[in-house]
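Chains as they are written, first to last, in the working numbering: chain A, 1 to 310; chain B, 1001 to 1243.
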Amino acid sequence: MKPAGSIVFFTTASGAGYGMLFWLGLLSASGALPAALWYGLTAIAIAAVLITAGLLSSTAHLGNPQRAWRALSQWRSSWLSREGVAAVLTYIPAAALAASWLIDPRPAGLPALLAAVLAIITVYCTAMIYASLKPIRQWNNAWVAPFYLLAALFSGAICLAAITGFANPAAAATLATIALLSGLAAAAVKLLYWRHIDTTTGASTVASATGLGHLGTVRSFEAPHSEENYLLKEMGFRIARKHAAKLRAYALLIAFAAPLAILVAVLAGAVPVTVLPVAALCALAGMLLERWLFFAEATHTVVLFYGRQA
Amino acid sequence: MTSLPTPQPGAKKLGLVIDLDTCVGCHACAVNCKEWNASGVSAPLTDSNAYHADPHGVWFNRVHTYEAGEGQSSRTVHFPRSCLHCETPACVTVCPTGASYKRAEDGIVLVNADACIGCQLCAWACPYGAREFDADDGVMKKCTLCVDRIYNENLPESERVPACVSTCPASARHFGDFNDPASAVSRLVLERGGYDLMPEMGYQPTNKYLPPRKPAAPQAAVPQAETGATSSLLRWLDRALSR
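What follows is the structure, encoded as structure tokens:
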């Protein structure tokens, strides 16, 4: 599948933003976060910027972005529509949470809880857009949704830890621990995901696509067109698979190994908490590469008709 | 509404039967489809760089050619591919806007170009590559089963079939109602073992493909001419008398 830059950025940035919002909502009541107005407003503003920049970026993928509002209508059947609805709804408790910070430096109650729940639902809907597509076996499996959720929790926690470091080092250490644990879980699920897509094959073959398997091995003799068409450009992307092993190693290193090492160093007291923004930026950059690979490594059954593997 | 319609009693199930035994791979169906639809309800079907390097355009119908089997028993099979108007099409249910829909009255899967946002999710959801994005209009386009021909009372009744069917010189394409057990398409499927493409995907395609017939039994080897026969007339006589 062709990795569209707008969608790669959207799922990474919005994922981190919703992850931040989740931890803000969940932890604001528990007293684990610094009780300071500037901190609360800065944190929720950064989460909102990440979320909104991602959502705006996703509309760049549309052929008619001015009609994007129509995407809120079909939530009964479409995960993309559900994601849109959940994304819009999340703004309401997020705004209420920001407002309640003005009144109480330790806001709790319904807005905080609702913001956390809706943020996680939105990320789940994003994951299900991909996980529900049967023709793409690298997406249509049980590892996709858990990874999207853990990636959001990890990138959200590490971003929030970075901001918290400037307000309260003890609270930052709590968030760094959360980021460390969710990062380890996300990396483990990503490794299991890669093992899954490497050791399974698709249910469909050129034999079942053409129904000619009973005649023997089916080979594409002549394609319908001499140039790459929309289908092959959009769904026959091949560049990444050649370098998959190297790119996976880079993604693991930048998204997980390096930021987790910084987290451990911070928690051990070897480096100051003000180094945490470096870890957060590193994790986000690595997550962009991971998300690019998620698209680039995916294959679609339509290429079977062209005699390629899917 | 992108939820699928509930089946209505007496509703039609319109679709195509494609005969892989008689298809000669001439691409006339693809060309006539392009011609009709470039000026019909889905018009224009964008062509960019049509006369230069890297031409690019929207087509609803593509003809592949495959080889199957080995050696003398191998077959060359021409294979037209277009929208199968599935009974459970995920291209419809994934649509976030309601632009994609399946008609309750005849099962045709269509796109309302005025409501399509061009997110291309339907193209990802279709295992068969039936949908192509029109970059000029920013909307998704697909086979309409020539909905603007089959009900068109301005056309003579004999022409109220999809453009691909009307043009096929080998009569390899048949159009009809699969819900009518007496229709030509239903009988063809029954008699010739019509089958679904990628049934494991669970989309329940309406269109059916007829497999190539078994080849005739190989003929007995033609007797070799005597080595002394040098002229072609003598060789022919030798062979004819040897039978």
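Even for Gly, the Cβ is constructed at its ideal location relative to N, Cα and C.
{"query": "What residues from the stretch 1107-1130 of chain B come within 8 Å of chain A, judged by C-beta to C-beta, listed N to C?", "result": "Ala1115, Cys1116, Ile1117, Gly1118, Cys1119, Gln1120, Leu1121, Ala1123, Trp1124, Ala1125, Cys1126, Pro1127, Tyr1128 and Gly1129"}
{"query": "Where isoleucine 92 (chain A) and leucine 1016 (chain B) are concerned, what is the direct C-alpha to C-alpha distance, given to the nearest angstrom?", "result": "50 Å"}
{"query": "Excluding sequence positions up to five away, which residues of its chain have a Cβ less than 8 Å from the Cβ of leucine 288 (chain A)?", "result": "Val8, Phe9 and Thr12"}
{"query": "Ends of the alpha helix (DSSP H) at histidine 196 (chain A)?", "result": "169-199"}
{"query": "Tell me whether the beta-carbon of alanine 1123 (chain B) lies closer than 8 Å to the beta-carbon of phenylalanine 1133 (chain B).", "result": "yes"}
{"query": "Tell me, please, whether the CB atom of glutamate 297 (chain A) is closer than 8 Å to any CB atom in chain B?", "result": "no"}
{"query": "Consult DSSP for lysine 1102 (chain B) and reduce its assignment to one of helix, strand or coil.", "result": "strand"}
{"query": "Mind checking the stretch 1077-1098 of chain B against chain A and listing, in chain order, the residues whose C-beta falls within less than 7 Å of any C-beta there?", "result": "Val1077, Phe1079, Arg1081, Ala1090, Thr1093, Val1094, Cys1095, Pro1096, Thr1097 and Gly1098"}
{"query": "With H, G and I counted as helix, E and B as strand and the rest as coil, what does DSSP make of aspartate 1114 (chain B)?", "result": "coil"}
{"query": "Check this for me: beta carbons of valine 303 (chain A) and glycine 211 (chain A), under 8 Å apart or not?", "result": "no"}
{"query": "Does the beta carbon of aspartate 1054 (chain B) sit closer than 8 Å to a beta carbon anywhere in chain A?", "result": "yes"}
{"query": "Taking the straight line between their C-alpha atoms, what separation do you get for isoleucine 1117 (chain B) and isoleucine 44 (chain A)?", "result": "31 Å"}
{"query": "I'd like to know whether the C-beta atoms of leucine 283 (chain A) and isoleucine 158 (chain A) end up nearer to each other than 8 Å.", "result": "For the sequence presented, residue 283 (chain A) should be read as alanine rather than leucine. Yes."}
{"query": "Taking only three categories from DSSP, how would you classify threonine 1076 (chain B)?", "result": "strand"}
{"query": "Taking Cβ-Cβ distances shorter than 7 Å, what residues in chain B pair up with phenylalanine 221 (chain A)?", "result": "Thr1065, Tyr1066, Glu1067 and Thr1076"}
{"query": "Check the DSSP bridge columns for leucine 1210 (chain B) and list the partner residues they point to.", "result": "B:Asp1019"}
{"query": "Would you be able to state if there are at least three C-beta pairs under 8 Å between the stretch 111-120 of chain A and the stretch 11-26 of chain A?", "result": "yes"}
{"query": "Whose Cβ in chain B lies nearer than 7 Å to the Cβ of phenylalanine 305 (chain A)?", "result": "His1064, Arg1081 and Gly1129"}
{"query": "Provide the residue span of the beta strand (DSSP E) that contains threonine 1065 (chain B), from first to last.", "result": "1061-1068"}
{"query": "Please check if any C-beta of chain B sits within less than 8 Å of the C-beta of valine 302 (chain A).", "result": "yes"}
{"query": "Just the C-alpha distance for serine 1171 (chain B) and asparagine 1152 (chain B), rounded to the nearest angstrom, thanks.", "result": "22 Å"}
{"query": "Mind checking alanine 1182 (chain B): buried by the 16 CB within 10 Å criterion, or exposed?", "result": "exposed"}
{"query": "To the nearest angstrom, how far is the alpha carbon of alanine 1113 (chain B) from that of valine 1139 (chain B)?", "result": "6 Å"}
{"query": "Here's the rule: buried if 16 or more other CB atoms are within 10 angstroms of the residue's CB, otherwise exposed. What is threonine 299 (chain A)?", "result": "buried"}
{"query": "For valine 266 (chain A), which residues of its own chain have a beta-carbon under 7 Å away from its beta-carbon, when the five flanking residues on both sides are left out?", "result": "Ala176, Val273, Val275 and Leu276"}
{"query": "From the DSSP secondary-structure annotation, give me the bridge partner or partners of glutamate 222 (chain A).", "result": "B:Thr1065"}
{"query": "Are the C-beta atoms of glutamine 74 (chain A) and some chain B residue less than 8 Å apart?", "result": "yes"}
{"query": "Beta-carbon within less than 8 Å of alanine 1115 (chain B)'s beta-carbon, same chain only, minus the 5 sequence neighbours each way: which residues are those?", "result": "Thr1097, Gly1098 and Ala1099"}
{"query": "Could you check whether the Cβ of glycine 63 (chain A) sits closer than 8 Å to any Cβ belonging to chain B?", "result": "yes"}
{"query": "Tell me, please, which residues DSSP counts as bridged to aspartate 1134 (chain B).", "result": "B:Val1139"}
{"query": "Helix, strand or coil, according to DSSP, for phenylalanine 22 (chain A) in the structure here?", "result": "helix"}
{"query": "Buried or exposed, going by whether 16 or more other CB atoms sit within 10 Å of the CB of proline 224 (chain A)?", "result": "buried"}
{"query": "On the DSSP letters alone, give me the boundaries of the beta strand (DSSP E) that phenylalanine 1175 (chain B) sits inside.", "result": "1173-1177"}
{"query": "State the start and end residues of the unbroken alpha helix (DSSP H) segment that holds cysteine 1033 (chain B).", "result": "1028-1037"}
{"query": "Assign arginine 1235 (chain B) to one of three DSSP states: helix, strand, or coil.", "result": "helix"}
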